[in-house]
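Order-wise, the sequence lines are chains A and B. Position one of the first sequence corresponds to residue 101 (the working numbering), numbered consecutively onward. Position one of the second sequence corresponds to residue 130 (the working numbering), numbered consecutively onward. Report on the following structure.
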Amino acid sequence: MDSTTTTTQEPLRLKFHAEGGTLFGIVIVNALLTMFTLGLYYPWARAKLLKYFYSETEFAGSRFEFLGTGREMFMGFIKAIGLLILIYAVVIGIMAAHLYILLLPIYLLILAIIPFAIHGALKYRLSRTVWRGIHFGYHGDLKEFATLFFKNVGLTVVTLGFYGMWMSVNIHKYTQNNIRLGNAQVKFDAEGWDLFVIYIKGYFLTIITLGIYAFWWITDMHKFYINHTTIVQDGNEYAVSTNMTGGGFFKLSIINFFIILFTLGIGISWVRVRTMRFYIENIEIAAGFDTNALVQTEGDYKDATGDDLLSMMDVPLA
Amino acid sequence: MYNGNYFDGKTSRGYAADIDLNADGLHISFTDSDLKRVVIIWDVAQIHKGHFSNNQRVTLKYGESPIQFLELNDPQFFSALAAAYPHIEFNEPSSEFIRSNGFKGIVAVTIGLVVLAVGSYFFVLPSVAEYFATKMSVEMEVKLGDEMYEDVMKNYHIDQRLTKEANEYWRAMHVKSPYLVNITVVHESEANAFALPGGQIIVYDGIIKEMTDYDEFAGLLGHEYSHIKLHHSARMLCRNLAGYIFISILLNDASGTLAILASNANSLKELSYSRQLEHQADEGGYELLQSKNIDPNGMMKLFETLKKSHNSSVKVPEFITTHPLTEERIAYIQDRLKKDKVSYSDEHRDLQNIWKEMKSED
Ligand SMILES: [Zn+2]
Chain A
101 MDSTTTTTQE
111 PLRLKFHAEG
121 GTLFGIVIVN
131 ALLTMFTLGL
141 YYPWARAKLL
151 KYFYSETEFA
161 GSRFEFLGTG
171 REMFMGFIKA
181 IGLLILIYAV
191 VIGIMAAHLY
201 ILLLPIYLLI
211 LAIIPFAIHG
221 ALKYRLSRTV
231 WRGIHFGYHG
241 DLKEFATLFF
251 KNVGLTVVTL
261 GFYGMWMSVN
271 IHKYTQNNIR
281 LGNAQVKFDA
291 EGWDLFVIYI
301 KGYFLTIITL
311 GIYAFWWITD
321 MHKFYINHTT
331 IVQDGNEYAV
341 STNMTGGGFF
351 KLSIINFFII
361 LFTLGIGISW
371 VRVRTMRFYI
381 ENIEIAAGFD
391 TNALVQTEGD
401 YKDATGDDLL
411 SMMDVPLA
Chain B
130 MYNGNYFDGK
140 TSRGYAADID
150 LNADGLHISF
160 TDSDLKRVVI
170 IWDVAQIHKG
180 HFSNNQRVTL
190 KYGESPIQFL
200 ELNDPQFFSA
210 LAAAYPHIEF
220 NEPSSEFIRS
230 NGFKGIVAVT
240 IGLVVLAVGS
250 YFFVLPSVAE
260 YFATKMSVEM
270 EVKLGDEMYE
280 DVMKNYHIDQ
290 RLTKEANEYW
300 RAMHVKSPYL
310 VNITVVHESE
320 ANAFALPGGQ
330 IIVYDGIIKE
340 MTDYDEFAGL
350 LGHEYSHIKL
360 HHSARMLCRN
370 LAGYIFISIL
380 LNDASGTLAI
390 LASNANSLKE
400 LSYSRQLEHQ
410 ADEGGYELLQ
420 SKNIDPNGMM
430 KLFETLKKSH
440 NSSVKVPEFI
450 TTHPLTEERI
460 AYIQDRLKKD
470 KVSYSDEHRD
480 LQNIWKEMKS
490 ED
């Protein structure tokens with residue numbers, strides 16, 4: 101009767117406790133304060149929101165914590181705004197001088213900011229993410245990442261966009277493989293071909309089914325990214341996967357649509373919580389991952405510029 | 130005693146711990162990985178101020194790196210903690226209000242902010258706009274005034290003869306001014322006059338008919354000129370249209386601002402100056418007359434005339450509404466006349482002659 105080494109160990113799951121009503125309160129206060137401070141409150145609003153979402157996400161009985169502060173993010177916000185104003189001013193100058201040919205290098209310059217923004221955002225965000233006191237971290241090298249980014253963008257341009265699938269897989273691979281959860285690390289292993297097949301299949305089936313298949317297509321894309329991820333701990337790999345199904349996503353979307361319709365948009369906070377819960381609670385980490393064995397390894401990192409640049413440029417943080 | 134999970138900040142391993150709220154601090158006792166019983170004591174003052182998303186779940190952080198951690202799922206714990214160490218503030222004060230008042234707190238904050246915003250729109254914004262109007266350059270004021278003048282004149286018929294003589298009268302007063310004053314007399318039975326920013330004075334012939342003595346006209350011009358010199362019309366215009374100006378600045382439409390001001394010129398004759406501005410204009414007019422050695426009694430007579438015509442059948446509504454509190458103003462002038470006790474010997478033959486011309490029926 102030895103039950104201590106039980107083999108029926110369950111996979112580990114995340115739990116999301118946020119509530120639409122609470123989120124609504126936060127969003128309203130944030131919106132008002134941002135309005136009355138002519139936007140200056142924005143970083144604090146963002147910090148509040150992130151703190152809320154993190155603190156309502158539970159893993160193995162413990163909540164996540166976002167350590168970032170409005171003050172830190174304000175510094176990033178100011179730098180990001182400064183940069184955007186500078187670019188804006190240069191573009192206006194070029195337009196005024198009718199030197200339209202110079203817009204191309206400006207466009208390239210804006211493109212060049214993206215890897216810096218992604219790098220900065222990941223570094224800041226993960227360094228501010230804590231679970232059971234263990235800091236997460238991003239160990240990517242900016243030069244290496246920028247090189248990879250431009251090489252992939254170049255190939256995508258040369259192949260008239262075809263290489264785009266490989267580009268997004270390569271970028272995802274690089275960033276994910278540099279995420280640390282204390283002494284554990286994230287690993288992403290997939291090829292552009294896999295995504296390409298999903299893309300082609302989804303594209304044609306969506307056309308054939310007059311758009312209905314789009315829900316399954318989006319699900320497949322999401323599953324592609326999640327299901328090729330593992331967590332490496334003490335030399336062992338633990339698979340990360342999602343139970344998300346096209347049917348489930350379809351149901352979620354339909355109900356969300358009606359919530360927004362019947363509440364005239366006020367229900368957006370509830371929709372947001374439902375959607376986040378759907379994504380978060382479907383995630384599973386294979387049994388065997390030791391939630392007690394993470395060791396603190398990270399130092400401090402304080403630059404929030406990237407985070408705000410990203411959110412301003414609306415680049416989704418993968 | 131309370132039960133919770135203790136984390137040492139070095140690993141993610143949690144230890145089931147017993148927590149006691151003792152006088153010297155929190156006693157956290159647990160069995161460590163070597164199966165030894167350990168007691169850790171937290172100095173309450175070093176517990177991080179934090180936020181607790183609800184009182185069901187309490188997360189306490191302690192010390193500097195590595196930051197230790199305590200998680201409790203006990204609804205009693207937070208109030209017990211607060212009661213055991215009443216001199217320590219565990220919450221961050223800024224968000225305490227909303228947290229402790231829940232939805233009501235949010236509503237209260239929202240209403241507060243809305244009131245603040247509405248208040249600023251109606252009270253702060255006008256004052257700010259007025260302040261900026263006083264900083265307006267003379268050229269800007271003149272430009273604004275001239276645009277308004279064109280607009281205003283569409284509604285009036287100019288009396289060329291009286292206009293010419295009124296301007297001669299003003300020149301004969303020899304007032305040195307950064308503004309080029311231009312008087313326009315228009316056919317209008319009401320007893321009224323008003324000033325535009327930058328030097329334009331519009332006088333209704335109705336008021337000229339009411340006046341008998343030349344120094345009354347000097348008083349009228351002195352008063353209106355003071356409105357100009359003290360930027361009153363620009364200030365009131367900016368004040369009353371602050372909302373529009375604010376919106377047009379928000380919409381990044383600077384040229385639109387001037388257009389809004391100019392197209393609202395007609396509202397200027399209905400603008401009511403505050404009691405304080407009227408008083409300033411009376412004071413300025415009085416001193417102008419005094420400095421030109423014209424008997425300020427003229428202002429006195431002007432007010433009496435206005436009062437009389439107000440009682441008579443002649444229509445004077447606007448001058449009265451824009452120049453209110455006639456009694457009080459009469460009292461003020463009387464007071465000054467008594468105090469100053471100056472005799473004005475100069476007869477001002479030139480002004481008298483022009484005035485005579487103005488009063489003669491063609
Ligand atoms: Zn007046």
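In this text, a Cβ means the ideal position worked out from N, Cα and C, and glycines have one as well.
If we define contact as Cβ-Cβ less than 8 Å, is residue i a contact residue for chain A?
{"i": "B/Lys-139", "result": "yes"}
{"i": "B/Leu-155", "result": "no"}
{"i": "B/Gly-143", "result": "yes"}
{"i": "B/Ala-246", "result": "yes"}
{"i": "B/Ala-146", "result": "no"}
{"i": "B/Pro-195", "result": "yes"}
{"i": "B/Phe-219", "result": "no"}
{"i": "B/Phe-136", "result": "yes"}
{"i": "B/Leu-370", "result": "no"}
{"i": "B/Leu-242", "result": "yes"}
Assuming residue i and residue j make a contact with CB atoms under 8 Å, what is their CB distance in whole Å?
{"i": "B/Tyr-308", "j": "B/Gly-328", "result": "4 Å"}
{"i": "A/Pro-143", "j": "A/Phe-177", "result": "4 Å"}
{"i": "A/Leu-149", "j": "A/Ile-126", "result": "6 Å"}
{"i": "A/Phe-389", "j": "A/Leu-112", "result": "6 Å"}
{"i": "B/Leu-349", "j": "B/Leu-242", "result": "B/Leu-349 to B/Leu-242, Cβ: 48 Å. No contact."}
{"i": "B/Asp-153", "j": "B/Ile-170", "result": "6 Å"}
{"i": "A/His-219", "j": "A/Leu-242", "result": "5 Å"}
{"i": "B/Val-310", "j": "B/Tyr-354", "result": "6 Å"}
{"i": "A/Ala-439", "j": "A/Leu-394", "result": "Because chain A in this structure spans residues 101 to 418, residue 439 of chain A falls outside the shown range and cannot be described."}
CB residue i to CB residue j, shorter than 8 Å?
{"i": "B/Tyr-214", "j": "B/Val-168", "result": "no"}
{"i": "B/His-356", "j": "B/Ala-262", "result": "no"}
{"i": "A/Phe-236", "j": "A/Arg-280", "result": "yes"}
{"i": "B/Ile-483", "j": "B/Glu-297", "result": "yes"}
{"i": "B/Gly-133", "j": "B/Leu-245", "result": "no"}
{"i": "A/Phe-159", "j": "A/Glu-381", "result": "no"}
{"i": "A/Gly-264", "j": "B/Pro-195", "result": "no"}
{"i": "A/Ile-187", "j": "A/Ile-210", "result": "yes"}
{"i": "A/Thr-329", "j": "A/Lys-273", "result": "no"}
{"i": "A/Ala-387", "j": "A/Glu-110", "result": "yes"}
{"i": "B/Leu-291", "j": "B/Met-428", "result": "no"}
{"i": "A/Glu-244", "j": "A/Val-269", "result": "no"}
{"i": "A/Ala-147", "j": "A/Gly-168", "result": "yes"}
{"i": "B/Arg-458", "j": "B/Tyr-415", "result": "no"}
{"i": "A/Met-376", "j": "A/Ala-212", "result": "no"}
{"i": "B/Ala-295", "j": "B/Val-314", "result": "yes"}
{"i": "B/Ile-157", "j": "B/Leu-210", "result": "no"}
{"i": "A/Ile-206", "j": "A/Val-191", "result": "yes"}
{"i": "A/Arg-456", "j": "A/Leu-123", "result": "Lying before the first or after the last residue shown, residue 456 of chain A is absent from chain A, which here runs from 101 to 418."}
So is residue i in contact with chain B if we call contact Cβ pairs under 8 Å?
{"i": "A/Phe-136", "result": "yes"}
{"i": "A/Trp-370", "result": "no"}
{"i": "A/Arg-377", "result": "no"}
{"i": "A/Ser-79", "result": "Because residue 79 of chain A is not part of the residues shown, which for chain A are 101 to 418, the question remains open."}
{"i": "A/Leu-112", "result": "no"}
{"i": "A/Lys-402", "result": "Note that A/Lys-402 has pLDDT 46, beneath the 50 cutoff, so the model's placement of it is unreliable and the number below is only indicative. Output row for A/Lys-402: interface = no."}
{"i": "A/Thr-397", "result": "no"}
{"i": "A/Trp-293", "result": "no"}
{"i": "A/Ser-162", "result": "yes"}
{"i": "A/Arg-171", "result": "no"}
{"i": "A/Leu-336", "result": "According to the sequence displayed, residue 336 of chain A carries Asn and not Leu. Output row for A/Asn-336: interface = no."}
{"i": "A/Ala-189", "result": "no"}
{"i": "A/Ala-393", "result": "yes"}
{"i": "A/Leu-132", "result": "yes"}
Just checking residue i against ligand 2 - is the residue's beta carbon closer than 7 Å to any of the ligand's heavy atoms?
{"i": "B/His-360", "result": "In the structure on display, ligand 2 does not appear, and the ligands it does have are ligand 1."}
Worksheet item: For the stretch 144 to 155 of chain A, which residues have a CB atom closer than 9 Å to at least one CB atom of chain B, in sequence order?
Response: Lys-148, Lys-151, Tyr-152, Ser-155
ask   = Which ranges does the alpha helix (DSSP H) cover as unbroken runs of at least 4 residues, wholly within the stretch 241 to 281 of chain B, from first to last along the chain?
value = 254 to 263
Threshold first: 4 residues or longer. Then list the alpha helix (DSSP H) segments lying entirely within the stretch 338 to 389 of chain A, N to C. 346 to 362, 368 to 381
### Query
Residues in the stretch 208 to 236 of chain A with C-beta within 8 Å of chain B's C-beta atoms, listed in sequence order?
Trp-231, Arg-232, Gly-233, Ile-234
Legend entry - Where the stretch 249 to 262 of chain B meets chain A: residues whose CB sits under 7 Å from a CB there: none
* If you scan the stretch 258 to 288 of chain A from start to end, which runs of the alpha helix (DSSP H) of 4 or more residues do you find wholly inside it? -> 264 to 276
Below 8 Å between beta carbons is the criterion; list the residues of the stretch 197 to 217 of chain B that meet it against any residue of chain A, in chain order. Gln-197, Phe-198, Glu-200
Self-check item: the stretch 274 to 292 of chain A: positions lying closer than 8 Å to chain B by Cβ
Solution: Gly-282
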